[in-house]
Ligand code: NI
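Structure (structure tokens):
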């Protein structure tokens, strides 16, 4: 299987700090191709054998800005461990319109394909968020996501605003308020 040629930029790249631009429809064929290539890339990165062979880090989400294109687009591919099938999302111009009060954090730490180092600490996220977005054809939808997928949505929306997960960790007290949140 051919892995799409995708270069993910490292956090040192300043473009990751920019606020991505709202997408105008229709999308170009180039952007559509990049959307489907990114999903394929994420899916293959979660295949242990392929990842090892092609030196890929496993990732479940990717924002366009991480590939040097500051447009408000991200994709998610999350493998369901029971069925081995992927839940995929193509999200354009997202906007969080509601969020749970309950906060959660990923116990083993959040990862990012642009952050090539281990960063200790807690990233507080809402356990559930409702997001308004456009699909690949520009149609408007609303989706309510929870748990790991909700964390992934918030992580990717942060990318569109120039924010990295490491920014959300308290530098002086990386495990601050741990007991006030539920661990995922
Ligand atoms: Ni990331």
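In the numbering used here, the protein residues as written are 2 to 185.
Think of the CB as a built atom: it goes at the ideal place given N, C-alpha and C, for glycine as much as any other residue.
Range of the contiguous alpha helix (DSSP H) that encloses residue i
i	result
residue 161	148-161
residue 119	Per DSSP, residue 119 belongs to no alpha helix (DSSP H) and is neither H nor E.
Host beta strand (DSSP E) of residue i (start-end)
i	result
residue 97	87-100
residue 63	62-64
residue 36	Here residue 36 belongs to no beta strand (DSSP E); instead the alpha helix (DSSP H) covers 30-46.
residue 78	74-80
residue 135	129-135
Supposed close pair residue i, residue j - CB separation, criterion 8 Å
i	j	result
residue 151	residue 130	5 Å
residue 132	residue 165	Their Cβ separation, rounded to whole angstroms, is 20 Å, which puts residue 132 and residue 165 out of contact at 8 Å.
residue 128	residue 62	With a Cβ gap of about 17 Å, residue 128 and residue 62 do not count as contacting.
residue 26	residue 139	3 Å
residue 40	residue 76	5 Å
residue 94	residue 135	5 Å
residue 183	residue 105	5 Å
Reduced DSSP secondary structure (H/G/I, E/B, other) of residue i
i	result
residue 51	helix
residue 6	coil
residue 16	helix
residue 26	coil
residue 105	strand
residue 58	coil
residue 172	coil
residue 179	helix
Between the stretch 98-110 and the stretch 58-67, do at least 3 Cβ pairs fall closer than 8 Å?
-> Here the stretch 98-110 makes no contact with the stretch 58-67; the two share fewer than three CB pairs at distances below 8 Å.
Can at least three beta-carbon pairs, one atom from the stretch 46-55 and one from the stretch 142-151, be found at a separation below 8 Å?
-> No contact exists between the stretch 46-55 and the stretch 142-151.
Quick one: any contact between the stretch 70-85 and the stretch 22-35, if contact means 3 or more CB pairs under 8 Å?
-> Touching, yes.
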